[in-house]
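2 protein chains.
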Amino acid sequence: MYEQYSGAPGEKAMFACGRQSVKFPVPVFVRSSASVVGKKEGEGPLGALFDVIGQDDLFGANTWEEAESCLQRDALHLAVKKAGLHTTELRYLFAGDLLGQGIATSFGLAQYGIPLFGLYGACSTCGLALSLGAMAVCGGFADHVGCVTSSHFASAEKEFRFPLGYGNQRPLSATWTVTGSGAFVLSGSRGENARAIVTGLTPGRITDYGVRDSMNMGACMAPAAADTIACHLRDFGRGPQDYDRIITGDLGVVGQQALLDLLLEQGIDIAERHTDCGIEIYDAKRQDTHAGGSGCGCSAAVLSAYVLKQIEEGVWKRVLFVPTGALLSRTSYNEGKNVPGIAHAVVLEHIG
Amino acid sequence: MYEQYSGAPGEKAMFACGRQSVKFPVPVFVRSSASVVGKKEGEGPLGALFDVIGQDDLFGANTWEEAESCLQRDALHLAVKKAGLHTTELRYLFAGDLLGQGIATSFGLAQYGIPLFGLYGACSTCGLALSLGAMAVCGGFADHVGCVTSSHFASAEKEFRFPLGYGNQRPLSATWTVTGSGAFVLSGSRGENARAIVTGLTPGRITDYGVRDSMNMGACMAPAAADTIACHLRDFGRGPQDYDRIITGDLGVVGQQALLDLLLEQGIDIAERHTDCGIEIYDAKRQDTHAGGSGCGCSAAVLSAYVLKQIEEGVWKRVLFVPTGALLSRTSYNEGKNVPGIAHAVVLEHIG
Numbered sequence: 073m074y075e076q077y078s079g080a081p082g083e084k085a086m087f088a089c090g091r092q093s094v095k096f097p098v099p100v101f102v103r104s105s106a107s108v109v110g111k112k113e114g115e116g117p118l119g120a121l122f123d124v125i126g127q128d129d130l131f132g133a134n135t136w137e138e139a140e141s142c143l144q145r146d147a148l149h150l151a152v153k154k155a156g157l158h159t160t161e162l163r164y165l166f167a168g169d170l171l172g173q174g175i176a177t178s179f180g181l182a183q184y185g186i187p188l189f190g191l192y193g194a195c196s197t198c199g200l201a202l203s204l205g206a207m208a209v210c211g212g213f214a215d216h217v218g219c220v221t222s223s224h225f226a227s228a229e230k231e232f233r234f235p236l237g238y239g240n241q242r243p244l245s246a247t248w249t250v251t252g253s254g255a256f257v258l259s260g261s262r263g264e265n266a267r268a269i270v271t272g273l274t275p276g277r278i279t280d281y282g283v284r285d286s287m288n289m290g291a292c293m294a295p296a297a298a299d300t301i302a303c304h305l306r307d308f309g310r311g312p313q314d315y316d317r318i319i320t321g322d323l324g325v326v327g328q329q330a331l332l333d334l335l336l337e338q339g340i341d342i343a344e345r346h347t348d349c350g351i352e353i354y355d356a357k358r359q360d361t362h363a364g365g366s367g368c369g370c371s372a373a374v375l376s377a378y379v380l381k382q383i384e385e386g387v388w389k390r391v392l393f394v395p396t397g398a399l400l401s402r403t404s405y406n407e408g409k410n411v412p413g414i415a416h417a418v419v420l421e422h423i424g
Numbered sequence: 073m074y075e076q077y078s079g080a081p082g083e084k085a086m087f088a089c090g091r092q093s094v095k096f097p098v099p100v101f102v103r104s105s106a107s108v109v110g111k112k113e114g115e116g117p118l119g120a121l122f123d124v125i126g127q128d129d130l131f132g133a134n135t136w137e138e139a140e141s142c143l144q145r146d147a148l149h150l151a152v153k154k155a156g157l158h159t160t161e162l163r164y165l166f167a168g169d170l171l172g173q174g175i176a177t178s179f180g181l182a183q184y185g186i187p188l189f190g191l192y193g194a195c196s197t198c199g200l201a202l203s204l205g206a207m208a209v210c211g212g213f214a215d216h217v218g219c220v221t222s223s224h225f226a227s228a229e230k231e232f233r234f235p236l237g238y239g240n241q242r243p244l245s246a247t248w249t250v251t252g253s254g255a256f257v258l259s260g261s262r263g264e265n266a267r268a269i270v271t272g273l274t275p276g277r278i279t280d281y282g283v284r285d286s287m288n289m290g291a292c293m294a295p296a297a298a299d300t301i302a303c304h305l306r307d308f309g310r311g312p313q314d315y316d317r318i319i320t321g322d323l324g325v326v327g328q329q330a331l332l333d334l335l336l337e338q339g340i341d342i343a344e345r346h347t348d349c350g351i352e353i354y355d356a357k358r359q360d361t362h363a364g365g366s367g368c369g370c371s372a373a374v375l376s377a378y379v380l381k382q383i384e385e386g387v388w389k390r391v392l393f394v395p396t397g398a399l400l401s402r403t404s405y406n407e408g409k410n411v412p413g414i415a416h417a418v419v420l421e422h423i424g
């Protein structure tokens, strides 16, 4: 349906690729990134890689929501500094979080005075922000943009589940919401420390397999991840072997198995090269996190601290990064609705 | 800081204009639009202009949230039909609503199977969606995109204020959340019935004047509207006289006065050409709506039914459309936070 550029600008989608993907004709650099996480995340296997680890999970704030705002504020501040830029040089921000009406973002980023595109993609928001930010840069609308997302264990439990004081038991399929934020500066110019290039995108569609268990988010999101990954490979005419890693956001161990099975049914075997940020961030047995980590902050912090490091060092040349989100609210859940999923894929490559 | 295009693509922001605006070099057409509203909106002064008016406010659904989903689903369906397209020809959707975790959007648009960029900008979401959609089309990432937003009186009262059953009294500064949705197809090609061209944008930044009254949203949002409008005029080197109308989203009569005063302080007089979707949609005295209408659906439905009609017919040649949003949640409000505002401006012009 879409061809490559074949007419006056604006008349044909020049950079559309296949059914729902985008292939960038010029490099969009991940010019810098930063991660700020909580104590538990600092004690996990990736602890040494995060830029900032909080001593407690309040980060000097009075409420969990304010604490989450601090995470975003600090992560962006650090990322901009690492990019060798001043915050006034960021033209736009693309940001969101898990809370109702995105309050962690509003109150965390207001002070920067940078025009803000507020986003909601549940735990896929990091992919959403990077996708829209990369389009803004590649399209010639901005030199430098910031992409920020966060989650906080305590604010998320309050928003979606039970007050922490209840001390409710969690089934083994449940994930643990990561307290953390990742911020990224995307830019058309490389700067001195650019970490990777964004070369393509496959924005995802909502996928609903009828799962209703808010304590098994992995199962809710796996069908969306499978849909986006299969579509991505089709659109780009690639196979799993063209990626050193295919990395989902927060499926955890239950969702991972579902993803591998769903893709195998379509003849796509990613078992050897799949990993999941939610699996990487905690030592599930030692840290009692059950199926793994979750939340916007999970994929964002792991991308910044671990995935981009591997790409930067050339250990991985090309990665498909696929943050996954579960689309529910307390209201939709209480009204008996399903929990559909969505996943947005971003192609990240080593700067040769 | 930004010049017009002066180098290899991607290295300089080619379409950046002034501090925070975008000027489109090729036409982005509002190829079609549609509005679906509730009974009360149908009884207002614009009643004859809306495409669909519901008989009751449940639209055949079982809950208010589902009803809001139906609004989005139906508005998009109608807009796509008017564009002379099939829904499979929309490459991406840009959509959002007021509810926590954007559930009206998730459950309303899932069935289309179109990749979705989920947005949250409170009542400014229509401007957010049109901005990002127009950048996607102009940037060459999509031929046709859909932009959809909604609000529903009953779901919004439940989300932000009190259960309807309480029958609580509303102060005169309060606005009435519009039950309605507006959907827009943006396209690089004109089609047969294109209604207007998007020629520029000024995405807004969060503006916080310390107002905390959730029953006076107009006052919360007026500073953001003033900031975006002043910045827009500066970035484009224009004055109010260059616009036939400057139309805010849902300031209502209280917010309107604040906006006019704030701009006058900067020497900008828009009194003669300002109007507000929230003022237009209801007959406040007859319909007991106090300060006016509000909600994402307010600006979206009024844009589709009224503003685009005036532009299409050439009554207005150039309009600055500035949806306004108040950034609060029940949680942020209860924790004593301010209610900051945000406003995103879109330049809409008559197709000559």
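Just so you know, the sequences run in chain order A and B.
Note that the first sequence covers residues 73 to 424 in this note's numbering.
Note that the second sequence covers residues 73 to 424 in this note's numbering.
Beta carbons are placed, not taken as given, at the ideal position from N, Cα and C, and that holds for glycine.
Distance from the Cα of residue 368 of chain B is smallest, within the candidate group B:144, B:130, B:420, for B:144. By the beta-carbon neighbour count (other beta carbons within 10 angstroms, threshold 16), residue 362 of chain B is buried. About 28 Å separates the beta carbons of residue 263 of chain A and residue 126 of chain A, which is beyond the 8 Å limit, so they are not a contact pair.
For residue 263 of chain A, no CB of chain B lies under 8 Å from its own CB, so it is not counted at the interface with that chain.
The C-alpha of residue 86 of chain B lies about 17 Å from the C-alpha of residue 204 of chain A.
Note on geometry: alpha-carbon atoms of residue 355 of chain B and residue 116 of chain B lie some 6 Å from one another. Not a single CB atom of chain A sits nearer than 8 Å to the CB of residue 287 of chain B.
The closest CA to that of residue 377 of chain B, considering only B:249, B:113, B:141, B:94, is found on B:113. When C-beta distances to chain B are compared with 9 Å, the residues of the segment 269-299 of chain A below that value are 273, 274, 275, 276, 277, 278, 279, 280, in chain order. By the Cβ test, the segment 251-261 of chain A is in contact with the segment 217-236 of chain A, since at least three Cβ pairs between them sit closer than 8 Å. Here the segment 181-193 of chain B makes no contact with the segment 340-355 of chain B; the two share fewer than three CB pairs at distances below 8 Å. Per DSSP, residue 185 of chain A has no beta bridge partner at all. Put simply, of B:161, B:153, B:96, B:150 the residue whose alpha carbon is nearest the alpha carbon of residue 88 of chain A is B:161.
Under the 10 Å beta carbon count, residue 231 of chain B is surrounded by 16 or more other beta carbons and is classified as buried. The segment 294-307 of chain B makes contact with the segment 325-343 of chain B; the number of CB pairs closer than 8 Å reaches 3 or more.
Residues are counted here when their Cβ sits less than 7 Å from a Cβ of chain A; for the segment 123-144 of chain B these are 135, 137, given in chain order. Cβ-Cβ distances below 6 Å link residue 281 of chain A to 295 in the same chain, with the five nearest sequence neighbours on each side left out; the list follows chain order. For the set A:151, A:169, A:153, the Cα lying nearest the Cα of residue 138 of chain A is the one of A:169. The Cβ atoms of residue 271 of chain B and residue 307 of chain B lie no closer than 8 Å to each other. For residue 100 of chain B, the CB contacts under 6 Å within the same chain, skipping 5 residues up- and downstream, are 206, 209, 210, 258, 270 in chain order. Taking a Cβ-Cβ threshold of 9 Å, none of the residues of chain B is close to residue 198 of chain A; the smallest such distance is about 13 Å. Residue environment for residue 154 of chain A: buried (at least 16 other C-beta atoms within 10 angstroms of its C-beta).
Of all residues in the segment 394-415 of chain A, those with a C-beta nearer than 8 Å to a C-beta of chain B are 399, 400, 401, 402, 403, 404, 407, 409, 412, 414, reading in chain order.
Chain A places a beta carbon closer than 8 Å to that of residue 178 of chain B, counting this residue as a contact.
Residue state for residue 163 of chain B is assigned as coil, using DSSP reduced to three classes. Within chain A, the residues 399, 400, 401, 403, 404, 409 have their CB atoms less than 8 Å from the CB of residue 175 of chain B, given in chain order. Around the C-beta of residue 140 of chain A, 16 or more other C-beta atoms lie within 10 Å, and the residue is accordingly described as buried. Secondary structure of residue 191 of chain B (DSSP, three-state): strand. If you draw a straight line from the Cα of residue 163 of chain A to the Cα of residue 414 of chain B, it is about 16 Å long. In the structure shown, the three-state DSSP call for residue 286 of chain B is coil. Annotated as distal: residue 185 of chain B and residue 177 of chain B, with beta-carbon spacing of 8 Å or more. Distance from the CA of residue 285 of chain A to the CA of residue 411 of chain A, rounded to the nearest whole angstrom, comes to 7 Å.
Of the other Cβ atoms in all chains shown, fewer than 16 fall within 10 Å of the Cβ of residue 243 of chain B; this residue is therefore exposed. For residue 194 of chain A, at least one C-beta of chain B is nearer than 8 Å to its own C-beta. By a beta-carbon distance limit of 8 Å, residue 319 of chain A contacts residue 391 of chain A. Their separation comes to about 6 Å. With a minimum length of 3 residues, the unbroken runs of beta strand (DSSP E) contained wholly in the segment 190-245 of chain A fall at 216-223.
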